[in-house]
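Protein chains in written order, with our numbering: chain B, 562 to 727; chain C, 15 to 396. Even for Gly, the Cβ is constructed at its ideal location relative to N, Cα and C.
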Amino acid sequence: MDKLLNDFSPGLFVVQTILLLLLILLLVKFAWKPILNSLNERESGIADALKSAEKAKLEMQNLQADNQKLLQEARMERESMLKEARDIKVKMIEDAKGEAQDQANKIIEQAQAAIESEKKAAIAELKTQVANLSIEIAEKVTREALSSNDKQLKLVESLLGETKFN
Amino acid sequence: MIILTMKGVQQSFKFLALLVLVLFSGSIYANTSNENEGQVDTKKEVEDYILHHIQDSHDFSLFSYTNDEGERKHVGFPLPIVIWTSQGLVSFISSEFHHNDDGHVIVEKNGLKFAKIHGKIYELEANASSVNFDEEHHAVNAHKVLDFSITKSVVGVLLVGILMFFAFTSLAKQYKKKAIPTGFGRVLEPLVLYVRDEIARPNIGEKHYRKFTGYLLTVFFFIWVLNLLGLTPMGFNVTGQLAVTACLAIFTLIIYTVSGNKDYWTHILWMPGVPVLIRPVLAIIELAGALLIKPFSLLVRLFANISAGHIVVMSLIAIMFTLKESLGVAGATGLSLVLSFFITLIEVLVAFLQAYIFTMLSALFIGMAVAEHEHDHNTSGH
């Protein structure tokens, strides 16, 4: 201990204090302050860059999701449009079919009605002609038959035989 | 990029070479002394030599040898001596002592007589012409003077200071031009980050660490580089000087004492949560801890570790002489080489470790002084 104290040099202590103080002040001013500031700046710069990259990534993801959604919507719209068109087509065909049926039915009806009336007219004409013819025949026959009495009797007899009384 | 890095390294080397050249230029001299001192052979001489090396020195001696005429030659350069005497400041060059270290060479300056005994400068009493010693080899007619000399340790401090200043200001300048430093700066940046993120930030806390990082960085690199410098053959032992480690410890003491907050002082002077009667006793213990034990542990740890390292390495080198007779020249040399090689490797680790521990503990003490306690003492207690 005595030797240690003897070795302690107060002069060296003073010189060392002055030099160390000087060194600390100089280094703090000219080295540590700019170095630490630059390091901090760089680190915060890196942190910011990372953060903004993360943000950009998120935005990108959002954008992609939006796109996906838009695409989905468009697809759905197309689908619905197609469906609608198909429906319309089916309906139109259906409608057309119905109308055509109606029309046809109507035409058929009309035709039937016309046929019916034509038939009636034809029958009526036929009837008149047949009546006229019958009258003519009857006239002729009567004339003939009535040319003799026998014949007139015979006729009456046959007619009477044919005709049923009811 | 690789070319750029190479250029940076080259520049750093150029700078280092220039520095060494400036330091050594013209100063190297071969000095002759008649005494046979400096020759180291016996165990006693080895012991003396090691103790001499551990001490600070007024010369920068590189090596010494005995020439063909039997003269002892010392190669190195002298350093200026600046002392505060009874007549004020006196300065001269250390070569005037002719490497004498036992008080036999008397230097006269300004009518005062000076002698150098075991690395200390003594001022002789006015009527004395030579130093008289008592039985315990203490000078009786001379007294020590306050010695502000540029000793070997001061040269080491200056050298490291200049190196650090240029290295780190050049790193600071690099950041103005680019985000990532190149060359030697690329080596320094992780070290700075290491001190900031592993020492300052976790021990002091996110809120206050920035204010103290400058001091911690300075101290860390100062101690580390000086420790490493101590392992070079130039033989610096700066961090093994009590004055230097005491100065460092006192800086830390002042910093944490000045920046201690109300909480810190309350815990020291009037410990909350313990019976009132015990509080004064605790205050004494806490004060002793904060003002004496903490800085004392800092200064002794660094001093003892570095001094012990130097003593061990030199002792192992000395095996070459001390075991020459029992192992033979080759055996003793080989053993000393192997052992001192491995111890030197360990010392490289210790150099970093001690710088780390000193800085870490400084940060820890500062952190304790500025820590903010969130709990309320009135309700919770300890």
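Leaving aside the five residues that flank glycine 199 of chain C on each side, the residues in its chain whose CB is nearer than 6 Å to its CB run, in chain order, Leu185, Gln188. Per DSSP, the beta bridge partners of lysine 123 of chain C are C:Leu126. Against chain B, the beta carbon of tyrosine 229 of chain C has neighbours under 8 Å at Ile585, Val589, listed in chain order. Exposure of alanine 614 of chain B is indicated by the presence of fewer than 16 other C-beta atoms within 10 angstroms of its C-beta. For phenylalanine 317 of chain C, the uninterrupted alpha helix (DSSP H) run begins and ends at 308 to 336, by DSSP. The Cβ atoms of leucine 242 of chain C and alanine 365 of chain C lie closer than 8 Å to each other. Within chain B, the residues placing a beta-carbon under 7 Å from that of valine 206 of chain C are Ile596, ordered along the chain.
Of all residues in the stretch 189 to 201 of chain C, those with a C-beta nearer than 7 Å to a C-beta of chain B are Tyr189, Ala193, reading in chain order. In chain C, no part has a C-beta under 8 Å from the C-beta of leucine 632 of chain B; the shortest such distance is about 42 Å.
Excluding residues up to 5 positions away in sequence, Phe234, Ile237, Trp238, Asn241 lie with their Cβ nearer than 7 Å to the Cβ of alanine 369 of chain C in the same chain. When only Cα atoms are considered, threonine 266 of chain C and lysine 87 of chain C end up about 43 Å apart. Residues of the same chain with their beta carbon placed closer than 6 Å to that of asparagine 666 of chain B are lacking, with the five preceding and five following residues left out of the count. Against glycine 175 of chain C, the close residues of chain B are Leu580, Leu584, in the order they occur along the chain (beta-carbon pairs closer than 7 Å). Look at leucine 581 of chain B here: in three-state DSSP terms it is helix. If you check the CB distance, tyrosine 278 of chain C and alanine 383 of chain C come in under 8 Å.
For phenylalanine 180 of chain C, the enclosing alpha helix (DSSP H) has its first and last residue at 166 to 191. The alpha-carbon separation between glycine 572 of chain B and histidine 72 of chain C amounts to approximately 13 Å.
In this structure, the alpha-carbon of glutamate 386 of chain C lies about 39 Å from that of lysine 191 of chain C.
About 11 Å separates the CB atoms of phenylalanine 180 of chain C and leucine 588 of chain B; that is not less than 8 Å, and the two are not in contact.
Taking 8 Å as the cut-off, the Cβ atoms of leucine 597 of chain B and threonine 196 of chain C do not count as close. For phenylalanine 236 of chain C, the nearest CB of chain B lies under 8 Å from its own CB, placing it at the interface with that chain.
As the crow flies, the alpha-carbon of glutamine 713 of chain B is around 16 Å from that of threonine 724 of chain B.
Counting only the Cα atoms, threonine 259 of chain C lies some 28 Å from histidine 151 of chain C. Taking C-beta separations shorter than 6 Å and ignoring five residues to either side along the sequence, the partners of valine 104 of chain C in its chain run Ile97, Lys123, Asn124, following chain order. For threonine 183 of chain C, at least one C-beta of chain B is nearer than 8 Å to its own C-beta.
For a Cβ distance threshold of 7 Å, nothing in chain B lies close to phenylalanine 77 of chain C: the least Cβ distance comes to about 24 Å. With a cutoff of 8 Å on beta-carbon distance, serine 100 of chain C and isoleucine 120 of chain C are scored as not near each other.
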